[in-house]
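**Student:** Numbering (our numbering), first residue to last: 12 to 178. Glycine residues also receive a C-beta, built at the ideal position from the N, C-alpha and C atoms.
1) Would you say the beta carbon of residue 61 comes nearer than 7 angstroms to a heavy atom of the ligand ZN?
2) For the alpha helix (DSSP H) containing residue 54, name the first residue and the last one.
3) How would you write the range of the alpha helix (DSSP H) that residue 104 sits in, first residue to last?
4) I need the straight-line Cα distance from residue 93 to residue 73, nearest angstrom please.
5) Does residue 145 pass the burial test, meaning 16 or more other C-beta atoms within 10 Å, or should it be called exposed?
6) Which one of 38, 60 and 80 has the shortest CA to CA distance from residue 133?
7) What's the C-alpha gap between residue 60 and residue 43?
8) So residue 96 and residue 138 are supposed to be a Cβ contact under 8 angstroms. How far apart are they, rounded?
9) My assumption, with CB atoms under 8 angstroms, is that residue 110 sits in contact with residue 121. Please give the rounded CB distance.
10) Can the beta-carbon of residue 106 be found less than 8 angstroms from the beta-carbon of residue 130?
11) Restricting to Cα atoms, I'd like to know which of 102, 79 and 58 is closest to residue 66.
12) At the level of alpha carbons, what is the spacing between residue 52 and residue 142?
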């Protein structure tokens, strides 16, 4: 099934990567506020916020690259998606331990950081979904070759055993 030459799986992957991009840019904005404030006041820039910006930037760049159709066919996509999932989970754990149990008491900055933690978790879950989906896509669409010579291409439901040598 295709719409204007694009398969449904590509459209679903594109939607997933677009949402990943939007949330990654959102994270960059949420954490960038504190980095900009610290820079303009000449204060120390904490490495935790820099880590959040790097993870957000990597996530946004990767999501944009994954919108290119042929890139999803490589096995490295699955591995990199898992790496990004781990980075997002680490970010969630880092800032979650700092802000989840914090009471904002009318402080907009703390409320913003509490919201950022949940956006981190949403990003992590989306990268996990992307990892599982790309692994399933790669497994079902990989190039299968015969076992011994590797010259013959095998179909989707073809066995690698030869049935010609039946006793």
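**Tutor:** Answer, in terms of the structure:
1) Inclusion of the ligand ZN in the displayed structure is not the case, the ligand content being empty and no account of it being possible.
2) Unbroken run through residue 54: none, as it is neither H nor E.
3) 86-110
4) 12 angstroms
5) buried
6) 38
7) 8 angstroms
8) 4 angstroms
9) 7 angstroms
10) no
11) 102
12) 40 angstroms
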